[in-house]
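Chemist: From first to last, the protein sequence lines stand for chains U and D. So the first sequence is numbered by the numbering used here: it starts at 8 and just counts up by one. So the second sequence is numbered by the numbering used here: it starts at 8 and just counts up by one. Got a structure here, written out as structure tokens. Questions coming.
Number of protein chains: 2
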Amino acid sequence: MHNVLAMDIGGSRFRVALFDDAGRRLEVLEGETSRSGGRDWMLDQLRSRSRELLDRSDYPVKACGISFGGPVDFERQQVRSLHVQGWENFALARWVQETLNLPCRLDNDANAGALGEYRFGAGRGTGSIFYMTLSTGIGGGLVLGGKVHHGRDSLAGEIGHIPVSESGVACVCGGRGCLETFCSGTAIALRGREWAHRRPESAARVLKLSGGKVENISARAVAEAAAAGDSMAVGIIQESAHWLARGLLMVVRLLNPDKIVLGGGVARAGRVLLDPLRKNMEELSSPTLPYSTEVELAELENYSPLYGATALTLETAAEGAKS
Amino acid sequence: MHNVLAMDIGGSRFRVALFDDAGRRLEVLEGETSRSGGRDWMLDQLRSRSRELLDRSDYPVKACGISFGGPVDFERQQVRSLHVQGWENFALARWVQETLNLPCRLDNDANAGALGEYRFGAGRGTGSIFYMTLSTGIGGGLVLGGKVHHGRDSLAGEIGHIPVSESGVACVCGGRGCLETFCSGTAIALRGREWAHRRPESAARVLKLSGGKVENISARAVAEAAAAGDSMAVGIIQESAHWLARGLLMVVRLLNPDKIVLGGGVARAGRVLLDPLRKNMEELSSPTLPYSTEVELAELENYSPLYGATALTLETAAEGAKS
Numbered sequence: 008m009h010n011v012l013a014m015d016i017g018g019s020r021f022r023v024a025l026f027d028d029a030g031r032r033l034e035v036l037e038g039e040t041s042r043s044g045g046r047d048w049m050l051d052q053l054r055s056r057s058r059e060l061l062d063r064s065d066y067p068v069k070a071c072g073i074s075f076g077g078p079v080d081f082e083r084q085q086v087r088s089l090h091v092q093g094w095e096n097f098a099l100a101r102w103v104q105e106t107l108n109l110p111c112r113l114d115n116d117a118n119a120g121a122l123g124e125y126r127f128g129a130g131r132g133t134g135s136i137f138y139m140t141l142s143t144g145i146g147g148g149l150v151l152g153g154k155v156h157h158g159r160d161s162l163a164g165e166i167g168h169i170p171v172s173e174s175g176v177a178c179v180c181g182g183r184g185c186l187e188t189f190c191s192g193t194a195i196a197l198r199g200r201e202w203a204h205r206r207p208e209s210a211a212r213v214l215k216l217s218g219g220k221v222e223n224i225s226a227r228a229v230a231e232a233a234a235a236g237d238s239m240a241v242g243i244i245q246e247s248a249h250w251l252a253r254g255l256l257m258v259v260r261l262l263n264p265d266k267i268v269l270g271g272g273v274a275r276a277g278r279v280l281l282d283p284l285r286k287n288m289e290e291l292s293s294p295t296l297p298y299s300t301e302v303e304l305a306e307l308e309n310y311s312p313l314y315g316a317t318a319l320t321l322e323t324a325a326e327g328a329k330s
Numbered sequence: 008m009h010n011v012l013a014m015d016i017g018g019s020r021f022r023v024a025l026f027d028d029a030g031r032r033l034e035v036l037e038g039e040t041s042r043s044g045g046r047d048w049m050l051d052q053l054r055s056r057s058r059e060l061l062d063r064s065d066y067p068v069k070a071c072g073i074s075f076g077g078p079v080d081f082e083r084q085q086v087r088s089l090h091v092q093g094w095e096n097f098a099l100a101r102w103v104q105e106t107l108n109l110p111c112r113l114d115n116d117a118n119a120g121a122l123g124e125y126r127f128g129a130g131r132g133t134g135s136i137f138y139m140t141l142s143t144g145i146g147g148g149l150v151l152g153g154k155v156h157h158g159r160d161s162l163a164g165e166i167g168h169i170p171v172s173e174s175g176v177a178c179v180c181g182g183r184g185c186l187e188t189f190c191s192g193t194a195i196a197l198r199g200r201e202w203a204h205r206r207p208e209s210a211a212r213v214l215k216l217s218g219g220k221v222e223n224i225s226a227r228a229v230a231e232a233a234a235a236g237d238s239m240a241v242g243i244i245q246e247s248a249h250w251l252a253r254g255l256l257m258v259v260r261l262l263n264p265d266k267i268v269l270g271g272g273v274a275r276a277g278r279v280l281l282d283p284l285r286k287n288m289e290e291l292s293s294p295t296l297p298y299s300t301e302v303e304l305a306e307l308e309n310y311s312p313l314y315g316a317t318a319l320t321l322e323t324a325a326e327g328a329k330s
């Protein structure tokens with residue numbers, strides 16, 4: 008018997024958790040990420056919360072896994088993120104090894120989410136899944152035969168930056184017409200604000216969920232209103248589902264995985280997103296190429312990446328035991 | 008020392024060949040496929056040519072691999088093709104086992120081409136390739152870590168039927184705006200004929216290569232004229248490259264393979280296709296997601312699927328030796 012440590016470092020929240028060697032969650036410490044604190048603040052948090060959990064663990068803790076909410080160079084086990092100060096090329100796995108004296112493995116949150124759902128969530132028992140996270144941005148991860156496929160530049164799964172329209176708007180990535188510009192949380196919040204500006208009477212529910220302020224409308228508010236049947240919000244989610252279907256049909260054509268699993272905040276809209284998405288995929292598809300890839304919602308919700316970090320630690324602990 | 012048998016069954020040509028156990032080609036028997044002959048004619052040909060090669064082999068022949076130019080159910084080792092009479096659900100691998108008394112494995116031509124280039128061609132020494140065949144239609148195959156990824160319904164790699172345009176024409180698959188409608192051999196021949204109708208003076212070279220008849224213009228004639236610098240033909244190939252770039256950028260985003268390898272008749276256009284393709288992919292891509300996946304032409308040309316069939320036989324022979 009042993010336990011493992013798992014960390015999920017995100018732009019708005021972070022988590023440090025203790026799991027047992029069967030992947031059962033024992034304890035989670037959560038906090039809000041300080042944007043101004045930068046890397047050093049975060050490392051302080053990770054160090055102190057980890058020590059707290061290590062002290063309380065009934066069994067020896069053998070390894071640590073990390074999900075990082077930004078680009079990761081998997082081969083070098085380094086963060087590659089530019090958007091939070093101080094993280095660029097930071098060897099986070101080595102820092103854990105030196106600070107906590109634990110073997111550690113690191114991946115980005117989309118790949119970790121994919122691995123988490125594959126091992127412990129909606130992908131249990133399948134041979135391959137594509138996991139898509141619909142959040143502020145859009146990310147994706149691919150698990151084939153139990154392993155994350157990272158690709159040559161650790162860029163596999165980047166479904167958010169596939170051009171799905173010839174006439175799209177500019178994307179943060181520098182491209183144009185990317186899927187992310189149509190159905191990320193950012194895009195959905197923007198649509199909600201547009202509606203609230205032009206037709207405030209139709210946006211009453213979304214506005215109420217946003218404290219009455221147009222500029223506070225979030226994708227979460229739109230998703231919640233849609234789940235409750237608000238017609239403007241349903242319209243926005245359905246438009247997203249139209250584009251999402253184009254993106255996911257590409258996944259079916261190229262990879263034909265056993266399952267496609269949708270996670271992230273926008274997926275919390277639930278059936279109001281899933282039903283039109285499945286219908287649009289069916290309409291786009293062709294009668295001569297029938298496929299049985301299923302599209303489902305993530306089961307672990309906010310915790311997919313944390314469970315994925317756990318799966319990474321269990322691999323690491325197993326390899327450590329062998330060598 | 009032993010030898011193996013390889014077959015490549017295509018809509019216009021078929022090949023039966025003898026390879027040695029290092030994958031060296033010893034002898035190839037080729038013929039034109041009789042469209043009217045159907046399945047039984049083809050089986051007669053395969054039987055007699057195979058026996059000819061088995062008789063002449065200096066070493067025992069241990070296994071047989073087949074590339075089939077149409078849909079294959081890999082798990083069941085059956086043909087799934089509907090477009091040539093008599094093949095539907097035919098257990099071709101079992102037929103070889105019973106007729107030639109050789110263990111046999113079967114795959115479709117795109118997957119076989121991918122495996123052939125991976126083991127013996129442009130993909131040698133890489134960890135993963137995506138192979139795309141630009142022929143009458145468009146097919147694709149994915150090799151990851153030495154294995155073809157078939158997907159849940161043996162449909163992985165079907166890049167020809169990804170919608171790349173919102174306003175495209177109807178595709179043979181029943182979809183709309185599929186990549187295949189823009190840059191398959193069929194699409195290229197059609198563009199050539201349109202030009203020759205509307206502006207015969209600009210199509211002189213392509214017409215000459217087609218015996219002076221508009222209705223005989225083929226993709227091969229357009230590709231040859233383009234390779235020789237004919238400006239109308241170059242324009243058609245460049246337009247294809249525009250759409251191809253959209254399709255291949257999806258492969259880069261989702262799979263980020265070590266290499267993308269282009270095979271099939273249209274790829275014979277060579278640099279006149281490859282140069283604008285690489286340029287368009289660069290333009291479509293984003294500065295914040297730099298990738299190092301290379302795009303190259305197939306090295307084995309017409310023989311990629313035959314070499315892939317050989318790779319399949321070598322796997323089969325190795326498994327037979329183990330068990």
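We put the beta carbon where it would ideally sit given N, CA and C, even for glycine.
1. When Cβ atoms are compared, which residues of the segment 257-269 of chain D fall closer than 8 Å to chain U?
2. Let me see if you follow: with CB-CB separation under 8 Å, is Ala121 (chain U) close to chain D or not?
3. Helix, strand or coil, according to DSSP, for Ile169 (chain D) in the structure here?
4. How would you call Val241 (chain D), buried or exposed, if buried means at least 16 neighbouring beta carbons within 10 angstroms?
5. Return no unless some Cβ of chain D is closer than 8 Å to the Cβ of Cys180 (chain U).
6. Could you work out which residues of chain U lie near His249 (chain D), taking near to mean beta carbons separated by less than 7 Å?
7. If you check the beta carbons only, do Ala13 (chain U) and Thr317 (chain U) fall under 8 Å apart?
8. Taking C-alpha atoms, which residue in D:Ala252, D:Arg206, D:Glu289 and D:Asn263 lies nearest to Ser135 (chain D)?
9. For Val129 (chain U), does the three-state DSSP call read helix, strand or coil?
10. With three or more beta-carbon pairs closer than 8 Å as the criterion, would you say the segment 194-204 of chain D touches the segment 227-238 of chain D?
11. Counting contacts by CB-CB distance shorter than 8 Å, is Glu246 (chain D) in contact with chain U?
12. Using a Cβ cut-off of 7 Å, which residues of the segment 143-175 of chain U contact any Cβ in chain D, in chain order?
13. For the candidate residues U:Thr188, U:Asp237, U:Gly164 and U:Glu201, whose alpha-carbon lies nearest to that of Glu222 (chain U)?
14. Against chain D, which members of the segment 272-291 of chain U pass a CB distance test of less than 7 Å?
15. Between the beta-carbon of Pro170 (chain U) and the beta-carbon of Leu256 (chain D), is there less than 8 Å?
16. So the alpha helix (DSSP H) Lys69 (chain D) belongs to, where does it begin and stop?
17. Anyone know if the C-beta pair for Arg20 (chain D) and Gly38 (chain D) falls short of 8 Å?
18. Tell me whether Arg206 (chain U) is buried or exposed, calling it buried when 16 or more other Cβ atoms sit within 10 Å of its Cβ.
19. Given this structure, state the Cα-to-Cα distance separating Val68 (chain U) from His9 (chain U), to the nearest angstrom.
20. Using a cut-off of 7 Å between C-beta atoms, extract the partners of Leu141 (chain D) located in chain U.
21. From this set, U:Ala98, U:Gly93, U:Val23 and U:Arg56, which residue's C-alpha is nearest Asp47 (chain U)'s C-alpha?
22. By the criterion of Cβ-Cβ separation under 8 Å, what are the contact partners of Arg338 (chain D) in chain U?
23. Can we say the segment 298-305 of chain D touches the segment 272-281 of chain D, given the rule of at least three CB pairs closer than 8 Å?
24. Please list, in chain order, all residues of the same chain as Gly271 (chain U) whose beta carbon is under 6 Å from its beta carbon, the five residues on each side excluded.
25. Could one say the Cβ of Thr295 (chain U) lies closer than 8 Å to chain D's Cβ atoms, at least one of them?
26. So Gly123 (chain D) and Ser247 (chain D) are in contact, right, with Cβ under 8 Å, and what is the actual spacing, rounded?
27. Can you pull the DSSP bridge partners for Thr140 (chain U)?
28. Rounded to whole angstroms, what's the CA-CA distance from Ala163 (chain D) to Asp265 (chain U)? Just pull it up for me.
29. On the premise that Gly18 (chain U) lies in contact with Thr40 (chain U), defined as a C-beta separation below 8 Å, what is that separation, rounded to the nearest angstrom?
30. Quick one: residues in its chain with C-beta nearer than 8 Å to the C-beta of Ser293 (chain D), no 5 flanking neighbours on either side, listed in chain order?
31. Determine contact between the segment 282-301 of chain U and the segment 150-163 of chain U, defined as no fewer than three beta-carbon pairs at a distance below 8 Å.
32. Alpha carbon to alpha carbon, how far is Leu319 (chain D) from Gly254 (chain U)?
33. Measure the C-alpha to C-alpha separation of Leu25 (chain U) and Thr133 (chain D) and round it to an integer number of angstroms.
34. Taking the DSSP output, what are the residues bridged to Val259 (chain D)?
35. Since Thr300 (chain U) meets chain D, which of its residues come closer than 7 Å, beta carbon to beta carbon?
Modeler: In brief:
1. Met257, Val258, Val259, Arg260, Leu261, Leu262, Asn263, Pro264 and Asp265
2. no
3. Coil, per DSSP.
4. That one is buried.
5. yes
6. Those do not exist, as His249 (chain D) stays about 10 Å from chain U at its closest Cβ, beyond 7 Å.
7. yes
8. D:Asn263
9. Reading the sequence as shown, one finds Ala at residue 129 (chain U) and not Val. Three-state result, Ala129 (chain U): coil.
10. yes
11. no
12. Leu151, His156, Gly158, Arg159, Asp160, Leu162, Ala163, Gly164, Glu165, Ile166, His168, Ile169, Pro170, Ser172 and Glu173
13. U:Glu201
14. Per Cβ criterion, the list reads Leu291.
15. Yes, Cβ-Cβ distance for Pro170 (chain U) and Leu256 (chain D) is below 8 Å.
16. First-last for Lys69 (chain D): Val68 to Phe75, but that is the beta strand (DSSP E), not the alpha helix (DSSP H).
17. yes
18. exposed
19. 6 Å
20. Listed along the chain, the chain U residues whose CB falls inside 7 Å of the CB of Leu141 (chain D) amount to none; the nearest CB is some 16 Å away.
21. U:Gly93
22. Lying before the first or after the last residue shown, residue 338 (chain D) is absent from chain D, which here runs from 8 to 330.
23. yes
24. The beta carbon of Gly271 (chain U) lies closer than 6 Å to those of Thr140, Leu141 and Ser142 in the same chain, with the five residues before and after it left out.
25. Chain D contact via Cβ: present.
26. Between Ser247 (chain D) and Gly123 (chain D) the Cβ distance is about 24 Å, and since that is not below 8 Å, they are no contact.
27. U:Gly146 and U:Gly270
28. 11 Å
29. 6 Å
30. none
31. no
32. 33 Å
33. 39 Å
34. The partner list for Val259 (chain D) (beta bridge, DSSP) is empty, contrary to what the question assumes.
35. Under the 7 Å cutoff, chain D gives Arg159.
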